[in-house]
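Here is the structure we will look at, set down as structure tokens.
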Amino acid sequence: MNNTTNTPIIDHLQKKKKYMIQLYYLMSGSFIFLFFSWLVVCITKGTFLFEYLILLVIPIGLYYMHKRINIIDDEILNLKD
Numbered sequence: 291m292n293n294t295t296n297t298p299i300i301d302h303l304q305k306k307k308k309y310m311i312q313l314y315y316l317m318s319g320s321f322i323f324l325f326f327s328w329l330v331v332c333i334t335k336g337t338f339l340f341e342y343l344i345l346l347v348i349p350i351g352l353y354y355m356h357k358r359i360n361i362i363d364d365e366i367l368n369l370k371d
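Residue numbers (my numbering): 291 to 371.
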């Protein structure tokens with residue numbers, strides 16, 4: 291396809307990728323903070339808190355977000371060709 295017709299689509303995908311990367315960094319930073327605060331609470335109380343096992347959902351979301359960012363990269367490369 292003509293590269294000029296794909297320019298708005300490529301711009302939209304690049305903007306979407308930029309926001310997804312920012313969200314990815316925000317989620318990974320919050321996971322690290324929450325994990326270490328959970329660890330400190332467990333050490334100070336001397337017990338393992340099962341309530342915080344919900345934190346395991348965040349890395350799963352990060353994995354799928356990383357896969358989606360790679361898919362967007364592939365779409366951008368295909369449109370540039």
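Think of the CB as a built atom: it goes at the ideal place given N, C-alpha and C, for glycine as much as any other residue.
In angstroms with no decimal places, state the Cα-to-Cα distance between residue i and residue j.
i	j	result
Thr295	Phe321	40 Å
Lys307	Gly336	42 Å
Ile359	Ile311	7 Å
Ile348	Lys305	23 Å
Phe340	Thr334	15 Å
Met291	Val330	Residue placement at Met291 cannot be trusted, given a pLDDT of 49 that sits under 50; what the coordinates show is reported in the next sentence. The alpha-carbon atoms of Met291 and Val330 are separated by roughly 56 Å.
Ile361	Tyr315	18 Å
Thr297	Phe326	44 Å
By DSSP, does residue i sit in helix, in strand, or in coil?
i	result
Leu313	helix
Leu343	helix
Gly381	Only positions 291 to 371 of the chain appear in this structure, which leaves residue 381 out of reach.
Leu371	Reading off the sequence, residue 371 comes out as Asp, not Leu. Coil.
Phe338	coil
By Cβ distance, which residues of its chain are closer than 6 Å to residue i, with the 5 residues on each side in sequence left out?
i	result
Tyr342	Trp328
Between the Cα of residue i and the Cα atoms of the options, which residue gives the shortest distance?
i	options	result
Leu352	Gly319, His302, Asp363 and Lys305	Gly319
Leu346	Ile362, Lys357, Asp363 and Met317	Met317
His356	Leu324, Ile366, Leu313 and Lys370	Leu313
Leaving out five residues before and five after residue i in sequence, what residues of the same chain have Cβ atoms less than 8 Å from its Cβ?
i	result
Ile300	Ile366, Leu369 and Lys370
Identify, in the order they occur along the chain, each residue of the same chain with its Cβ nearer than 7 Å to the Cβ of residue i, setting aside the five sequence neighbours on each side.
i	result
Tyr309	none
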